[in-house]
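These notes concern the structure reproduced below.
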Amino acid sequence: MSQRLQADFAGLKLEHPILAASAGTTRDAERCFRAEEAGFSAVILKSVQEELVNRYNPLPRFSIVDSGIPGFNSVSFLSYEQAFEGDIHDYAEVVRQTRKRLSIPVIASINCIENESWANYAQIVAQAGADAVEMVPSCPAGAFIREGAEFTPIATNVLRAVRGKIDIPAGIKMTQQLANPIACAVTLEAEGSRWVTMFNRNPGLHIDIERMCPIMHRSACGHGGPWAALAITRWIAYAFPHLKIPISATGGVTRWEDVVRYLLAGAANVQIASLIYMRGYEVVREMLGSIEAYLDRMEIESIDGLIGKAVSKLQPLEAVDKTGRYLAVVTDRCVKCGKCKNICLYDAISYPDDTPSIDPNLCDGCGLCAQICSGAIVMKRTTSQN
Ligand SMILES: Cc1cc2nc3c(=O)[nH]c(=O)nc-3n(C[C@H](O)[C@H](O)[C@H](O)COP(=O)(O)O)c2cc1C
Ligand code: SF4
Ligand code: SF4
Numbered sequence: 345m346s347q348r349l350q351a352d353f354a355g356l357k358l359e360h361p362i363l364a365a366s367a368g369t370t371r372d373a374e375r376c377f378r379a380e381e382a383g384f385s386a387v388i389l390k391s392v393q394e395e396l397v398n399r400y401n402p403l404p405r406f407s408i409v410d411s412g413i414p415g416f417n418s419v420s421f422l423s424y425e426q427a428f429e430g431d432i433h434d435y436a437e438v439v440r441q442t443r444k445r446l447s448i449p450v451i452a453s454i455n456c457i458e459n460e461s462w463a464n465y466a467q468i469v470a471q472a473g474a475d476a477v478e479m480v481p482s483c484p485a486g487a488f489i490r491e492g493a494e495f496t497p498i499a500t501n502v503l504r505a506v507r508g509k510i511d512i513p514a515g516i517k518m519t520q521q522l523a524n525p526i527a528c529a530v531t532l533e534a535e536g537s538r539w540v541t542m543f544n545r546n547p548g549l550h551i552d553i554e555r556m557c558p559i560m561h562r563s564a565c566g567h568g569g570p571w572a573a574l575a576i577t578r579w580i581a582y583a584f585p586h587l588k589i590p591i592s593a594t595g596g597v598t599r600w601e602d603v604v605r606y607l608l609a610g611a612a613n614v615q616i617a618s619l620i621y622m623r624g625y626e627v628v629r630e631m632l633g634s635i636e637a638y639l640d641r642m643e644i645e646s647i648d649g650l651i652g653k654a655v656s657k658l659q660p661l662e663a664v665d666k667t668g669r670y671l672a673v674v675t676d677r678c679v680k681c682g683k684c685k686n687i688c689l690y691d692a693i694s695y696p697d698d699t700p701s702i703d704p705n706l707c708d709g710c711g712l713c714a715q716i717c718s719g720a721i722v723m724k725r726t727t728s729q730n
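Numbering-wise, this note's numbering comes out as the position in the sequence shown, counting from 1, plus 344.
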């Protein structure tokens, strides 16, 4: 593995910034070993939970909901997957076996209710050999998120409960079910979190309209998909300047470009789960090759050179140029597919002889038709660049 992909994560040396996130895909030593063999740089074990109701899975527990606008497909991946199926002592055994078998960092993942249990669980996984521990009061199935509890005070108490009790790095996996994730992350840093993971999945609900009934055991359950990445990227990019600790990004990664986007937004590394469920562990290898080729193309020495690089380019509302004027123009690449018919909110597109024609006097320059069309409409600037 090329040294230029190396990433530092709260004192852990990673060969590259793509980790296998906590999920059923990392539930035991065998699956973690497969993740290592496929090329992941670290594994975060499936979370162990104190809450008994969360330890056992109902079946079946996955649903892929086709959620795209027709012609613009997307999916939501819903899962009613609960925690590690066992108690903390069973879990400690999995930590031990996994640590023994793997050469990459092994990060435990714990989720408790009582403050004393957070400390106790953290100590047990540390003694079992975990290299770090991710603390997950943010589980979509867990009591705090189910009941809409205020997250920041809970996560603060978790950090206080484990403070001074373990000598491995510990970080909080945050929820996005928050009014202001930036303020939360800043508080968690001040309370000693060695990193923040942004974000666990939120609970979502899908209803089967024929049965007039919610799917997935008639409950809300964890949901995510490629669409989730944009909101997460937004919070990471805006939080990055306020934090000294690393941000671990997770949510909606389906391609290598998503990994790069998270790094450019300020993440130090990226965790992946759903894609492994759908395409297997091997997805990581292809991504690494593409990321290295991207570094070559952009003439960037190392992963560090990407982290937060897009953040200084963010603009406040007042700085956005609102003087530019544009016109949509149909080029000879038009294949008369008709996709741009009926979509112009300014009545600028007409269809004489089944061919689109854009009236420059009516065109607002909004750019929607150019986005709907696959390359035949271009936006021409009609005022000079300022
Ligand atoms: C089936 C499933 C089970 C998961 N279980 C856990 C878990 O036990 N602990 C945890 O912290 N996150 C869990 N997650 C969340 C993932 O670790 C990850 O943060 C999230 O799914 C977003 O990444 P993705 O879009 O790549 O899946 C789970 C996700 C899925 C899909
Ligand atoms: S969407 Fe594009 S290709 Fe299709 S008719 Fe309109 S201009 Fe032509
Ligand atoms: S740019 Fe907007 S206003 Fe102009 S033709 Fe296209 S959709 Fe209509």
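By construction, the Cβ of each residue, glycine as well, lies at the ideal position given by its N, Cα and C atoms.
Please read all numbers here as calculations on a predicted model, not as lab measurements.
Straight-line measurement puts the Cα of Pro484 at about 16 Å from the Cα of Gly596.
A direct Cα-Cα distance of roughly 7 Å separates Gly430 from Val392.
Looking only at Ile620, Ala365, Gly709 and Trp600, the smallest Cα-Cα distance to Gly668 is reached by Gly709. Contact between the segment 547-560 and the segment 411-429 is established, with three or more Cβ pairs separated by less than 8 Å. Relative to ligand 2, Arg677 has its C-beta within less than 8 Å of a heavy atom. Going by DSSP, Phe406 is part of the beta strand (DSSP E) stretching over Phe406 to Asp410.
Of the candidates Glu533, Trp571 and Thr531, the residue whose Cα lies closest to the Cα of Asn546 is Trp571. Taking a contact as a CB-CB distance under 8 Å, the pair Ile454 and Ala386 does not count as one, their CB atoms being some 16 Å apart. Taking 4 residues as the shortest admissible run, the segment 426-500 contains the following complete alpha helix (DSSP H) segments, listed from N- to C-terminal end: 432-445, 459-471 and 487-490. In this structure the segment 618-630 lies against the segment 371-387, because at least three pairs of beta carbons, one per stretch, are closer than 8 Å.
Burial is judged here by how many other beta carbons sit within 10 angstroms of a residue's own beta carbon; Ile413 has fewer than 16 and is exposed. Excluding five sequence positions before and after Trp600, the CB atoms of its chain that fall closer than 6 Å to its own CB belong to Met631, Ser634 and Ile635, given in chain order. Annotation for Ala692: Ile702, Asp703, Leu706 and Cys707 place their beta carbon closer than 6 Å to its own, counting only its chain and skipping 5 residues before and after. In the DSSP assignment, Gly568 falls within the beta strand (DSSP E) that extends over Cys565 to Gly568.
For Pro558, the pairing in a beta bridge is given by DSSP as Ile551. Per DSSP, reduced to three states, the secondary structure at Tyr606 is helical. Counting along the chain, no alpha helix (DSSP H) covers Ala672; the unbroken beta strand (DSSP E) around it starts and ends at Tyr670 to Val674. Of all alpha-carbon atoms in Ala672, Ser718 and Phe377, the one lying nearest the alpha-carbon of Ser447 is that of Phe377.
Excluding the 5 residues flanking it on each side, Asn401 has same chain C-beta neighbours closer than 8 Å at Tyr424, Glu425, Gln426 and Glu429, in chain order. Boundaries for Asp665: no alpha helix (DSSP H) harbours it, and the DSSP string shows neither H nor E there.
Take Gly652, set aside five residues on each side of it, and the residues of its chain with a beta-carbon closer than 6 Å to its own are Phe584 and Gly610, in chain order.
Ligand 3 has no heavy atom closer than 8 Å to the beta-carbon of Ala720. Ranked by Cα distance from Asn544, the first of Gln615, Arg605 and Leu358 is Gln615. Each residue's CA atom was taken as its position, placing Arg578 and Ser346 some 30 Å apart. Within the segment 618-697, the runs of alpha helix (DSSP H) at least 4 residues long that lie entirely inside it are, in chain order, 618-623 and 627-641. For Val722, the CB contacts under 7 Å within the same chain, skipping 5 residues up- and downstream, are Val673, Thr675 and Ala714 in chain order. Here the alpha carbon of Ile559 sits roughly 22 Å from the alpha carbon of Ser482. Straight through space, the alpha carbons of Gly492 and Ser694 are spaced by roughly 50 Å. When secondary structure is reduced to three states using DSSP, Gly595 falls in the coil class, being assigned neither helix nor strand. Straight-line measurement puts the Cα of Thr699 at about 49 Å from the Cα of Thr519.
Within the segment 495-530, the runs of beta strand (DSSP E) at least 3 residues long that lie entirely inside it are, in chain order, 514-517. At a Cβ-Cβ threshold of 9 Å, Lys509 and Ala463 count as neighbours.
At a cut-off of 8 Å, the beta-carbon of Leu619 counts as near ligand 1: some heavy atom of the ligand is closer than that.
The beta carbon of Ile498 sits closer than 7 Å to the beta carbons of Pro481 and Phe488 from its chain, once the five residues preceding and following it are set aside; these are given in chain order.
About 10 Å separates the beta carbons of Ile388 and Thr369, which is beyond the 8 Å limit, so they are not a contact pair. In this model, Ala364 and Leu712 are separated by some 37 Å (Cα to Cα).
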